[in-house]
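Chains as they are written, first to last, in my numbering: chain A, 1 to 139; chain B, 1 to 139; chain P, 1 to 79; chain F, 1 to 79. Just so it is clear, CB atoms sit at the ideal spot from N, CA and C, and this is done for glycine as well. Small disclaimer: the values here were computed from a predicted structure and weren't measured.
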Amino acid sequence: MNTFVEITERPVSTDEVVARLANPANGAIVTFIGVVRGLTGERETRHLEYEAYPEMAEKTLRQITAEIYARWPDVRAAAIVHRVGRLEIGETAVVIALAAAHRAQTFDALHYAIDRIKEIAPIWKKEFWADGAAWRSEH
Amino acid sequence: MNTFVEITERPVSTDEVVARLANPANGAIVTFIGVVRGLTGERETRHLEYEAYPEMAEKTLRQITAEIYARWPDVRAAAIVHRVGRLEIGETAVVIALAAAHRAQTFDALHYAIDRIKEIAPIWKKEFWADGAAWRSEH
Amino acid sequence: MRVNVRFFAVSREIAGMAQQPHTLPEGATLQDLQAQLFADYPALAAQRVRFAVNLTYAPLTSPLHEGDEIACIPPVGGG
Amino acid sequence: MRVNVRFFAVSREIAGMAQQPHTLPEGATLQDLQAQLFADYPALAAQRVRFAVNLTYAPLTSPLHEGDEIACIPPVGGG
């Protein structure tokens, strides 16, 4: 199992995240890329700020990858990188990449990874609009 | 709808494919990255050669994106880039990227895209081993 | 009429070339062209080839026309 | 015993700081610390906060120990 997790203030490149999975046995890689949207409902977002509890967030992301390996044995490698700090519209907030020999199990596992991050990773998002700002959660 | 399809002899960067989808309304991007595996069953692959009927392959890929937009209206943008020529182990053969406001429909659509490419795109793969070579299809 | 036949992958290797002009009688169909190709290249008959006419998969009953581009499409394997 | 409390996101804004040492009687639980925090920062009680002890989510019945790092975790929203 090849695992890489990171909370970073730098821009996130999907190519660099995928490179963490490199292994000649992995033929299928699926990724989820979360990008800052300019519109949420009817409100125009100006920018976002992400904040994390970095030590616990990385531990949590590592735990999520362990859950995935246990549940989807075909998944052989996982990399999750989440950016924090101020992000502009169109910038990448998170990249999740999973690799397997074949793609069969990767989709369910990827779906699971996103759900679990939103559920348990200590990462917060504050939206800034023209007329205010608020912390946002999915719950 | 923002569509980009390409058959290329150059190395494929997921970041560059994803950049083709850029739109502030697209918050969720999923990608499938097909990578050359070093092992298929028990046999060690030395390298691969991909060949395409480029004009028809690009037309076919464009058709597949149209099918996806019709079937999954939330999918707003699609980019498919397939490499041809000689590829070494670990190199990227294909990147499929789909974007939507939210991720709900993107997974099914991505799955569909891969299936359809394997089914109808005029693209062929020849595997080279230590002791021979053969054209491979999924069927 | 004259049409252009393009070969790919295993069909290209069997034909020994990437393309070849063919002359067919007026009213000929894809089936007629297939018969001619299988006669010229018997190994091609063992492949499960499909045909495309002008970039679209076409049934064997399709009539052909002057200048058509016919592609000989062995089982595909992209992705 | 002394523990360190870390605040994040809306809890950091309510507390007006990112971390704060707290002194608690021996045998205190997370529930005792929560009561102290809610008394100090009433606005915190309106948030659905969870707590983590030493990087792991912990129930309010958890006993605390000298040197523990307690995090005040408002509803998360990563991804």
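Within chain A, the residues that alanine 52 of chain F reaches when beta carbons sit closer than 8 Å: Tyr53, Met56 and Pro122
Cross-strand partners of isoleucine 80 of chain B (DSSP beta bridge): B:Val5 and B:Ile96
Rounded separation between leucine 61 of chain A and valine 94 of chain A - CA only: 12 Å
Own chain, CB closer than 6 Å to histidine 139 of chain A, minus 5 neighbours either side, in chain order: Legend: pLDDT at histidine 139 of chain A = 46, less than 50; position of this residue unreliable, value from coordinates given subsequently. Correct list: empty, nothing qualifies.
C-beta neighbour in chain A for alanine 46 of chain F, strict 8 Å: no
Rounded straight-line distance, which links the Cα of alanine 66 of chain B to that of valine 135 of chain A: A small fix is needed here, since residue 135 of chain A is tryptophan in this sequence, not valine. Rounded to whole angstroms, tryptophan 135 of chain A to alanine 66 of chain B spans 38 Å at the Cα level.
is_contact[threonine 31 of chain B, chain A] using C-beta, thresh 8 Å: yes
Cβ neighbours of aspartate 68 of chain P in the same chain (closer than 7 Å, five flanking residues each side left out): Val3, Val53 and Asn54
Any non-hydrogen atom of the ligand NAD within 7 Å of phenylalanine 4 of chain B CB: You won't find the ligand NAD in this model; it holds no ligand whatsoever.
Contact belief for tryptophan 129 of chain A with arginine 43 of chain A at Cβ below 8 Å, rounded distance in angstroms: 5 Å
One or two residues paired with arginine 86 of chain B in a DSSP bridge: B:Glu49
Buried or exposed (CB count within 10 angstroms, at least 16 for buried), glutamate 127 of chain B: buried
Closer than 8 Å at the beta carbon, the chain B residues around valine 10 of chain P: Trp124 and Trp135
Proximal residues to threonine 23 of chain P (C-beta, below 6 Å), its chain only, five neighbours per side dropped: Arg2
Buried or exposed (CB count within 10 angstroms, at least 16 for buried), proline 25 of chain P: exposed
Chain B within 8 Å of threonine 60 of chain A, Cβ atoms only: no
Within-8 Å CB hit, valine 17 of chain A to chain F: no
Chain A within 8 Å of isoleucine 117 of chain B, Cβ atoms only: no
Residue from F:Gly79, F:Gly78 and F:Glu13 with nearest C-alpha to leucine 44 of chain F: F:Glu13
Which of helix, strand or coil DSSP assigns to arginine 12 of chain P: helix
Any C-beta of chain B under 8 Å from that of phenylalanine 4 of chain A: no
Chain B residues whose Cβ lies nearer than 8 Å to that of arginine 6 of chain P: Tyr53
For histidine 139 of chain B, the three-state DSSP class (helix, strand or coil): Caution is warranted here: a pLDDT of 46 is assigned to histidine 139 of chain B, below 50, making its placement in the model unreliable, and no coordinate value can be reported.
Neighbourhood of valine 30 of chain B by C-beta, 6 Å cutoff - its chain only, sequence neighbours within 5 removed: Leu98, Thr106 and Leu110
Leucine 21 of chain A to asparagine 2 of chain A span [Cα, whole Å]: 7 Å
Counted within 10 angstroms of its Cβ, other Cβ atoms place alanine 18 of chain P as buried (16 or more) or exposed: exposed
Own chain partners of alanine 72 of chain F with C-beta closer than 6 Å, once the 5 adjacent residues on each side are dropped: Rather than alanine, the amino acid found at residue 72 of chain F in this sequence is cysteine. Correct list, in chain order: Phe7, Ser11 and Val49.
The region 73-103 of chain B: positions lying closer than 8 Å to chain P by Cβ: His82, Ala93 and Val94
Buried versus exposed call for threonine 92 of chain B [16 or more other C-beta atoms within 10 Å across all chains shown]: buried
Reduced DSSP category for tyrosine 41 of chain F - H, G, I as helix; E, B as strand; rest coil: coil
Residue from B:Lys118, B:Ala28 and B:Ala25 with nearest C-alpha to histidine 82 of chain B: B:Lys118
Cut-off 8 Å between Cβ atoms - residues of its own chain near threonine 8 of chain B, not counting five sequence neighbours on either side: Val81, His82, Arg83 and Val84
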